[in-house]
Amino acid sequence: MSSTLDKITEEMRARVAGGSGIGGSVKFAFEDDGVIHLDGSEVTNEDKDADCTIRTSVDTFMQIAEGNLDPTMAFMTGKIKIDGNMGLAMKLGPLLQG
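Okay, so the sequence shown: first residue is 1 according to the UniProt record's numbering, each after it adds one.
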């Protein structure tokens with residue numbers, strides 16, 4: 001696992017400490033860099049099933065988190081692929097850009 005993935009995981013843990021409030025589980029699949037699984041206030045790097053899976057690169061994720069890339073535009077241009085519950089993915093904006 002890359003140190004960047006470690007940093008993202010720790011930041012996500014801090015952001016969801018009181019619960020994510022999204023009402024389901026989400027997995028971020030970062031190509032060859034690993035995964036982050038979010039379920040309520042639990043954030044792990046376990047590759048578990050989720051209600052929504054978001055496939056992207058660490059670079060694209062960081063651009064979104066830093067406010068340099070609009071998540072909708074990233075989806076429309078193929079930088080993000082979403083499997084499963086699209087409604088959960090749409091609830092992630094405030095959490096990612098928190």
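For every residue, glycine included, the Cβ atom is placed at its ideal position computed from N, Cα and C.
Extent of the continuous alpha helix (DSSP H) run through residue i
i          : result
residue 64 : 58-65
residue 3  : 3-15
residue 28 : Premise fails: residue 28 lies in the beta strand (DSSP E), 25-29, not in any alpha helix (DSSP H).
Residue closest to residue i, alpha-carbon to alpha-carbon, out of the options
i          : options        : result
residue 42 : 16, 84, 60, 78 : 16
residue 33 : 22, 26, 47, 23 : 47
residue 52 : 82, 6, 60      : 82
Limits of the unbroken beta strand (DSSP E) element including residue i
i          : result
residue 36 : 35-39
residue 42 : 42-44
residue 84 : 81-84
Between the CA atoms of residue j and residue i - distance to the nearest angstrom
i          : j          : result
residue 90 : residue 3  : 27 angstroms
residue 97 : residue 71 : 10 angstroms
residue 84 : residue 22 : 14 angstroms
residue 50 : residue 66 : 25 angstroms
residue 39 : residue 45 : 12 angstroms
residue 92 : residue 68 : 16 angstroms
residue 76 : residue 57 : 15 angstroms
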